[in-house]
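Participant: Have a look at this one before I ask anything.
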Amino acid sequence: MNSQATDKQKEAAHTQVDDVKLYINGQFVDSKSGASFENKNPFTNKSINRIAEGREEEMNEAVKAAKQAFEQGPWGNMKMEERMKYIHRIADIIDEEIEDIAFLESLDTGLPISQTRKQSARAAENFHFYARMVQTKLHGESYPMDDEFINYTVHEPLGVVGLITPWNAPFMLETWKVAPALATGNTVILKPAELSPLTANKLAEIVHKAGVPAGVFNVVHGFGETAGGTLVAHPDVKAISFTGETTTGTIIIKNSADTLKKTSMELGGKSPLIVFDDADLDRALDAAIWGIFSFNGERCTSNSRVFLHKNIKDQFIEKLKKRVANIKIGDPMDSSTELGPLIETEHFNKVKKYIEIAQQEGCEIVQGVVPEELKAGNFVPPTLLLNAKNDMRVCQEEIFGPVMAVIEFETDEEVIQMANDVRYGLAGFVWTSDLKRAHRVAKAVEAGMLWINAQNVRDLRIPFGGTKDSGIGREGGHYAIFEFYTEPKVIHVAIGDHHIPQFGK
Ligand code: NAD
51 MNSQATDKQK EAAHTQVDDV KLYINGQFVD SKSGASFENK NPFTNKSINR IAEGREEEMN
111 EAVKAAKQAF EQGPWGNMKM EERMKYIHRI ADIIDEEIED IAFLESLDTG LPISQTRKQS
171 ARAAENFHFY ARMVQTKLHG ESYPMDDEFI NYTVHEPLGV VGLITPWNAP FMLETWKVAP
231 ALATGNTVIL KPAELSPLTA NKLAEIVHKA GVPAGVFNVV HGFGETAGGT LVAHPDVKAI
291 SFTGETTTGT IIIKNSADTL KKTSMELGGK SPLIVFDDAD LDRALDAAIW GIFSFNGERC
351 TSNSRVFLHK NIKDQFIEKL KKRVANIKIG DPMDSSTELG PLIETEHFNK VKKYIEIAQQ
411 EGCEIVQGVV PEELKAGNFV PPTLLLNAKN DMRVCQEEIF GPVMAVIEFE TDEEVIQMAN
471 DVRYGLAGFV WTSDLKRAHR VAKAVEAGML WINAQNVRDL RIPFGGTKDS GIGREGGHYA
531 IFEFYTEPKV IHVAIGDHHI PQFGK
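Dropping the structure here:
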């Protein structure tokens, strides 16, 4: 819908969609108990539909189906080329249905539709990319030992893997896990976030349409402790790939210990963006604004802490203020909207509370204005916390909303020290025209991913993930397929008559 849409069209874009079922063993089913939960639209806070709620029984059934599909079904024994046809087909269907996916994602999450369209295209690319990568790059090693042995490795799928995902960019993040998991030959249970179930259901429909055999891909909607908890503790699930809050990650690691699961943790962030006085200030400004206000500020790699060199601080802040006042707050279905409502009322209250805390801690608050007609939604205006100090709560805790803390610095050493004085280590952004400084600072900042004079763009071939409390392990590129979704097996072959000790002869 464009910005000229009539009120009727706008209303139609927010009407209900069908109730959502679980997808288990190739079928869309209700939960056994008939339990379901309400799914709300963050723009109106009205109900969109009801979602079937999976609990222990449904999760056990999904794991059983996935195990069977892996051990006895065609998936485990399928020729690689045939399996990749399914993966490419999934990507093709996503491409055909981008508009539908973007609509559902924006309806469910409040993310602006111009952004969910791009994310959906990226999701299709995740499948094409992993089909290509597994076919061309998932190789082993081989070591001939003189004329006696050859040792070689093969990378085998793990079996049933559990994927637990958040609500902030649901479809893209889900496909990011599902694509390498399936391409490497695993079978999958996806437990999407309870606040954003629509596009996970859409993915189930797409996988179904692509003809993927029953049990290979399952979606069990439900809550963290019940549906998620059962998946994490299940002895037949070999690995859990999790993206979400750091505290949830620690619980999942503990709960997966009894069954010795492999886990991958993509967790929270509080990433610094550093602007030196020799930087291209206009580009740094564009990047700083985009980095915190895109995705409604609900972005793990957002630059929630912006460090400004004292020589350019005042002029930069003046420009920040103008831009913040101009950000287009509106209906997520409107193509021109830049900032939509937050995911739910509870999160909206949490973000508002942090703005109050910032005020109490001594920050000057500068905000855009939410138009009166949007008051039914969970809108927090784009917000600057000026005169922030790095040890304030608002600079140490993840707010996960459109809130930028602005901190002054003078020396390289001082800004590196402040950038690192935080529990998280996901991302960082450095803006300077001094090449040596750029590399030095990028190396010194404790984070899994650093960008120099660039916003948050990434090539699918490189690793994604954080250090410190931002995660364990890396996804993306060949890391996902070599280090997580497969297990290396070593095969030793004797090709000569090597010496064998003659015990008891
Ligand atoms: P969350 O931790 O509340 O929930 C994530 C998922 O975990 C949901 O599906 C939830 O149902 C499930 N869950 C909750 N408790 C569980 C339990 N005990 N056992 C098993 N599963 C459980 O996170 P959220 O609020 O949905 O997402 C926001 C968070 O995700 C932010 O902290 C953000 O930084 C982080 N995130 C990180 C990355 C990254 O790549 N590092 C990317 C996106 C989001």
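Residues 51 to 555, numbered by the numbering used here, are exactly what the sequence shown covers, in order. Virtual Cβ for every residue (Gly too), placed ideally from N, Cα, C.
By the 10 Å Cβ neighbour count, where 16 or more other Cβ atoms means buried, how is valine 419 classified, buried or exposed?
Facilitator: By the 10 Å Cβ count, valine 419 comes out exposed.
Participant: Confirm, please, whether the CB-CB distance from serine 321 to alanine 426 is below 7 Å.
Facilitator: Cβ atoms of alanine 426 and serine 321: not closer than 7 Å.
Participant: Grouping DSSP H, G and I as helix and E and B as strand, with all else coil, what is alanine 497?
Facilitator: Three-state DSSP puts alanine 497 in coil, outside helix and strand.
Participant: Applying the criterion that 16 or more other CB atoms from any shown protein chain within 10 Å of the CB defines a buried residue, is arginine 349 buried or exposed?
Facilitator: So arginine 349 ends up on the buried side.
Participant: Going by DSSP, what residue range makes up the beta strand (DSSP E) through threonine 309?
Facilitator: Per DSSP, threonine 309 belongs to no beta strand (DSSP E) and is neither H nor E.
Participant: For glutamate 348, which three-state DSSP category applies?
Facilitator: Correct three-state label for glutamate 348: coil.
Participant: To the nearest angstrom, how far is the alpha carbon of isoleucine 541 from that of phenylalanine 199?
Facilitator: Going from the Cα of isoleucine 541 to the Cα of phenylalanine 199 covers about 10 Å.
Participant: Compare the Cα-Cα distances from aspartate 158 to each of Asp328, Thr461, Trp481, Gly390 and report the closest residue.
Facilitator: If we check each option's Cα against that of aspartate 158, Gly390 comes out closest.
Participant: Which word fits proline 538, buried or exposed, when buried means at least 16 other C-beta atoms lie within 10 angstroms of its C-beta?
Facilitator: Proline 538 comes out exposed.
Participant: Going by DSSP in three states, glutamate 132 sits in which element: helix, strand or coil?
Facilitator: Looking at glutamate 132 - three-state DSSP - the assignment turns out to be helix.
Participant: So arginine 100 is in the beta strand (DSSP E); what residue range does that whole segment cover?
Facilitator: Run containing arginine 100: 97-102, per the beta strand (DSSP E) assignment.
Participant: Thinking C-beta only, is alanine 219 closer than 7 Å to histidine 178?
Facilitator: Result no, Cβ atoms of histidine 178 and alanine 219 do not sit closer than 7 Å.
Participant: Drop a sphere of 10 angstroms on the beta-carbon of asparagine 52, count the other beta-carbons inside from all chains shown, and report buried for 16 or more, exposed for fewer.
Facilitator: Caution applies to asparagine 52, whose pLDDT of 46 falls short of 50 and renders its modelled position unreliable; the model cannot decide the point.
Participant: Since proline 230 is in the alpha helix (DSSP H), which residue starts that stretch and which ends it?
Facilitator: Its alpha helix (DSSP H) spans residues 220-233.
Participant: Taking buried to mean at least 16 other C-beta atoms within 10 Å of its own C-beta, is glutamine 54 buried or exposed?
Facilitator: With a pLDDT of 47 at glutamine 54, under the threshold of 50, the modelled position of this residue cannot be trusted, and the question is left open.
Participant: Can you tell me which of Gly272, Glu525, Ile148, Gly209 puts its alpha carbon nearest to the alpha carbon of serine 83?
Facilitator: Comparing Cα positions, the closest option is Gly272.
Participant: So within the region 444-522, which uninterrupted alpha helix (DSSP H) runs reach at least 4 residues, ignoring any that extend past its ends?
Facilitator: Counting only runs of 4 or more, we get 462-470, 485-494.
Participant: Which residues mark the beginning and the end of the beta strand (DSSP E) in which valine 204 is found?
Facilitator: Where valine 204 is concerned, the enclosing beta strand (DSSP E) stretches over 199-207.
Participant: Since leucine 335 and leucine 358 should fall inside the 8 Å C-beta cutoff, what is the C-beta to C-beta distance between them, to a whole number of angstroms?
Facilitator: The pair is not a contact, with the Cβ atoms about 11 Å apart (cut-off 8 Å).
Participant: What span of residues does the alpha helix (DSSP H) with histidine 258 cover, start to end?
Facilitator: Where histidine 258 is concerned, the enclosing alpha helix (DSSP H) stretches over 248-259.
Participant: Cutting at 8 Å between CB atoms, please list the residues of its own chain near alanine 243, excluding the five before and the five after it.
Facilitator: Excluding positions up to five away in sequence, the list reads Thr215, Pro216, Trp217, Pro220, Gly294.
Participant: For a minimum of 3 consecutive residues, which ranges assigned as the beta strand (DSSP E) are wholly contained in the region 316-360?
Facilitator: With a minimum length of 3 residues, the continuous beta strand (DSSP E) runs that stay inside the region 316-360 are 322-325, 355-359.
Participant: Mind checking who isoleucine 379 pairs with in its DSSP beta bridge?
Facilitator: Per DSSP, Leu389.
Participant: The ligand NAD heavy atoms versus the CB of alanine 455: any closer than 6 Å?
Facilitator: Because no heavy atom of the ligand NAD lies under 6 Å away, the Cβ of alanine 455 does not count as near it: no.
Participant: Buried or exposed: valine 507, going by 16 or more other Cβ atoms within 10 Å of its Cβ?
Facilitator: Classification of valine 507: exposed, given that the 10 Å Cβ count is below 16.
Participant: With distances taken between CB atoms, is the gap from leucine 208 to isoleucine 239 smaller than 7 Å?
Facilitator: Taking 7 Å as the Cβ cut-off, leucine 208 and isoleucine 239 do not qualify as a contacting pair.
Participant: Say the cut is 6 Å; is the CB of isoleucine 214 nearer than that to a heavy atom of the ligand NAD?
Facilitator: At least one heavy atom of the ligand NAD is nearer than 6 Å to the Cβ of isoleucine 214, so yes.
Participant: Under a Cβ-count criterion, where at least 16 other Cβ atoms within 10 Å of its own Cβ denotes burial, should glutamine 467 be classed as buried or exposed?
Facilitator: With fewer than 16 other Cβ atoms within 10 Å, it is exposed.
Participant: With three or more C-beta pairs closer than 8 Å as the rule, is the region 113-126 touching the region 261-276?
Facilitator: Yes, they touch.
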